[in-house]
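In this note's numbering, the protein residues as written are 8 to 480.
The structure appears right after this line, and notes come after that.
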């Protein structure tokens, strides 16, 4: 989970995309160890080969310097790295003890490999050291505080290419550096060169990203009041490192959540589910905590599987009964995705597609079907198509005939019969070719296809309102 969170923060990778890249590094490249692990520790029997692993990754110039530091140590600092008691079925993800041909890696795989390798080497470096300074300046009887922080010893940060201030050559970019304050004596006079009064407002909490949601799932046990249940969830949270990404993708697939850049945003459908469930135990991590507690009792032989499963079946039946009764009195509002490009009525979501609210009108039969190339089109994509006629970015998750994933831009088009369709807006689609494959590896983009002039779209029988921009093939 920590790898998925860091990859999302650094590169914007979804949890699924990170897991896919890590899995390829394990299965295809044989460059990383088993990725579906929750442990951050190694076992004592691995200690003899740790320097060998560092030496082999150091054959690549990107890792030569930090690897040389590790191999030159007389004794490796193992206290923060090795702990047999904290390793379950699998130890932490590290590079394998083999030669790695990084030239064969895709861009995604290379980034994930780089993160794991640098973390592995950094673990054997000493702590970084900083010089923290603070200046208090009195102006017109008011005290203003200025803080500075300068790296004076890189330590483990050297594995990520960072240098202490005095070792920098001046070539490095200044963007993002910590502030260096001038040396002053107590009581020394200084000049006020500029005064600025900034008006600011408090900001609401940020929306969840893959990284922050994974973190919340991992530490969900902290929200449980019962001590025994909280202790049971301490090492588990909601889901496991192998399933948390699929839980997020499932929420997106069924339309409860949609991605907006890096943010995960609840859809109208998702909000309706929460309104429907209200304070039902299904929405509380305490339920998961209680189940984890009972599973621990089964493991200890103090409870039987049969009794536990009987209670689960009873709970499921009671929940379905309550929801069936509640649903009869619930009116669920439908999400409005924008005005219809044909008649101007609202576009709303149905079970199989997105259609015009006024499609009973003989003059309008506008509909966008949810299913396309193995992907269920989420409301956020359809809203963009309805409002602009095309997607600005490639949409991921489509499946080719071979079953491999690909990504592509989409456009809303009208054929000779006047029917509206969603088509792939890519060079290969305009040429009538099959889509490139490799969504998770970053392959299969339009940049890899040879662009040709697309044929002009036949004249439409019905003209869309002028305010609607609909892109032609």
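Backbone N, C-alpha and C fix where the C-beta goes; we use that ideal spot for every residue, glycine too.
Keep in mind that this is a model prediction, so the values were computed, not measured.
Chain-order list of residues whose beta-carbon lies under 6 angstroms from that of residue i (same chain, five-residue window excluded)
| i | result |
| --- | --- |
| residue 426 | none |
| residue 446 | Low per-residue confidence applies at residue 446: pLDDT is 43, beneath 50, and the placement is therefore not dependable enough to give any value. |
| residue 153 | 142 |
| residue 56 | 104 |
| residue 34 | none |
| residue 98 | 46, 49, 50 |
| residue 116 | 28, 31, 32 |
Cβ-based burial, residue i [other Cβ within 10 Å; buried from 16]
| i | result |
| --- | --- |
| residue 381 | exposed |
| residue 327 | exposed |
| residue 149 | exposed |
| residue 65 | buried |
| residue 379 | buried |
| residue 299 | buried |
| residue 181 | Annotation note: pLDDT 42 at residue 181 (below 50); position unreliable, coordinate value reported separately. So residue 181 ends up on the exposed side. |
| residue 139 | exposed |
| residue 1 | Summary: the structure shown does not reach residue 1, with the chain confined to residues 8 through 480, and so no result is reported for it. |
| residue 40 | buried |
| residue 79 | exposed |
| residue 391 | buried |
| residue 348 | buried |
| residue 393 | buried |
| residue 234 | exposed |
Other residues of its chain near residue i: CB distance less than 7 angstroms, five sequence neighbours each side excluded
| i | result |
| --- | --- |
| residue 265 | 259, 272, 274, 385, 386, 387 |
| residue 267 | 387 |
| residue 383 | 260, 377 |
| residue 127 | 101, 102 |
| residue 315 | 301, 305 |
| residue 13 | 122 |
| residue 38 | 32, 102, 103, 107, 120 |
| residue 224 | 244, 245, 246, 251 |
| residue 51 | 89, 91 |
Reduced DSSP secondary structure (H/G/I, E/B, other) of residue i
| i | result |
| --- | --- |
| residue 158 | strand |
| residue 316 | helix |
| residue 152 | strand |
| residue 267 | strand |
| residue 250 | coil |
| residue 321 | helix |
| residue 327 | helix |
| residue 229 | helix |
| residue 470 | Its pLDDT being 38, under 50, residue 470 is placed unreliably in this model, and the value from its coordinates should be taken loosely. Residue state, collapsed to three classes: coil. |
| residue 364 | coil |
| residue 7 | Outside the modelled stretch of the chain, which goes from 8 to 480, sits residue 7, for which no answer is possible. |
| residue 428 | strand |
| residue 240 | coil |
| residue 222 | helix |
| residue 11 | helix |
| residue 286 | coil |
| residue 292 | helix |
| residue 336 | coil |
| residue 198 | coil |
| residue 207 | coil |
| residue 257 | helix |
| residue 411 | coil |
| residue 394 | helix |
Contacts around residue i, its chain only, beta-carbon distance under 8 angstroms, and the 5 residues preceding and following it disregarded
| i | result |
| --- | --- |
| residue 406 | 380, 381, 382, 412, 413 |
| residue 60 | 101, 102, 103, 104, 127 |
| residue 216 | 15, 16, 269, 270, 271 |
| residue 163 | 129, 130, 132, 133, 134, 135 |
| residue 371 | 347, 349, 350, 352, 363, 365 |
Discussion item. Taking contact to mean 3 or more Cβ pairs, one atom from each stretch, closer than 8 angstroms, check whether the region 317 to 325 and the region 267 to 286 are in contact.
Written reply: No: the two stretches stay apart, fewer than three of their Cβ pairs being nearer than 8 angstroms.
Fill in: Contact between the region 124 to 135 and the region 69 to 88 (3+ Cβ pairs under 8 angstroms)
Cβ pair count under 8 angstroms is three or more, so yes.
Worksheet item: Should the region 94 to 111 be called in touch with the region 134 to 144, which here means at least 3 C-beta pairs below 8 angstroms?
Response: Contact between the region 94 to 111 and the region 134 to 144 is absent: fewer than three C-beta pairs spanning the two stretches fall below 8 angstroms.
Worksheet entry | Inter-stretch contact at 8 angstroms, needing at least 3 Cβ pairs: the region 10 to 28 / the region 70 to 82 | Flag = no, the region 10 to 28 and the region 70 to 82 do not touch.
Discussion item. With three or more C-beta pairs closer than 8 angstroms as the rule, is the region 157 to 166 touching the region 194 to 211?
Written reply: No, because fewer than three Cβ pairs between the region 194 to 211 and the region 157 to 166 fall closer than 8 angstroms, the two stretches do not touch.
Worksheet item: Any chance the region 220 to 227 sits against the region 189 to 200, with 3 or more Cβ pairs inside 8 angstroms?
Response: The answer is no - the region 189 to 200 does not touch the region 220 to 227, with fewer than three Cβ pairs under 8 angstroms.
Worksheet item: Below 8 angstroms, can you find three or more Cβ-Cβ pairs linking the region 349 to 365 to the region 277 to 292?
Response: Segment contact: the region 349 to 365 against the region 277 to 292, fewer than three CB-CB distances shorter than 8 angstroms; contact not assigned.
Worksheet item: Can at least three beta-carbon pairs, one atom from the region 89 to 99 and one from the region 46 to 53, be found at a separation below 8 angstroms?
Response: Because the criterion of three Cβ pairs below 8 angstroms is met, the region 89 to 99 and the region 46 to 53 touch.
Practice prompt. Give, in chain order, every unbroken run of the alpha helix (DSSP H) that is at least 4 residues long and sits entirely within the region 54 to 78.
Written response: When DSSP assignments are scanned along the region 54 to 78, the uninterrupted stretches of alpha helix (DSSP H) that are 4 or more residues long and fall wholly within it turn out to be 57 to 64, 71 to 78.
Fill in: Whole alpha helix (DSSP H) elements within the region 80 to 137, 4-residue minimum
As far as the region 80 to 137 is concerned, its whole alpha helix (DSSP H) runs of at least 4 residues are 114 to 129.
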